[in-house]
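Residue numbers (our numbering): 1417 to 1563.
Just so you know, even glycine gets a beta-carbon here, dropped at the ideal spot from N, CA and C.
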């Protein structure tokens, strides 16, 4: 959930599937800059979340009075705190932005392999937040889905 003055402005993202970069819809790639690498991507039944080496891009599709899409870009440098919570079949990434707003991303139907992927992703994001260099082995594992 995203909050503005602690009011929800979008629904939960319950990511359930990992997507290969080759499976991403073309319009999503427009939001990834040439100097960025897509680390991993997730989807819900109609939404997408893309994690690059510099930012998170969330695509929120819904229909109220016709189809509507919203995109949210969260640069890692705007994140002050990150935590990951693992439960038996779910996981959550909790982000707190520098402006004080919380962001919660939920991952459902999580298997052990998915938990490893999220742990590596969490480590990559933490390194960027801490102004450290990304571990090239971790980046490669995410990109080629060698989990």
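For residue 1488, the enclosing beta strand (DSSP E) starts and ends at 1483-1491.
Minimum Cα-Cα distance from residue 1455 among the listed residues 1466, 1513, 1530 and 1509 corresponds to 1466.
The Cβ neighbour count for residue 1495, taken over all protein chains shown within 10 Å, is at least 16; the residue is labelled buried. If the five residues before and after residue 1452 are omitted, its C-beta is found closer than 7 Å to the C-beta atoms of 1468, 1469 and 1470, all from its own chain and listed in chain order. Leaving aside the five residues that flank residue 1513 on each side, the residues in its chain whose CB is nearer than 8 Å to its CB run, in chain order, 1490, 1494, 1495, 1496 and 1519. When the beta-carbon positions are compared, residue 1458 and residue 1432 come within less than 9 Å of each other.
Rounded to whole angstroms, the separation of the alpha carbons of residue 1435 and residue 1486 is 20 Å.
Contiguous beta strand (DSSP E) elements confined to the region 1434-1485 occur at 1454-1459, 1464-1468 and 1471-1479, taking only those with 3 or more residues. Within the same chain, 1531 come within 7 Å of residue 1502 by CB-CB distance, once the 5 residues on both sides are set aside.
In the three-state scheme derived from DSSP, where H, G and I count as helix and E and B as strand, residue 1563 is classed as coil. For the 9 Å CB-CB criterion, residue 1492 and residue 1473 do not form a contact. Assignment of residue 1550 by DSSP, reduced to helix, strand and coil, places it in the coil class.
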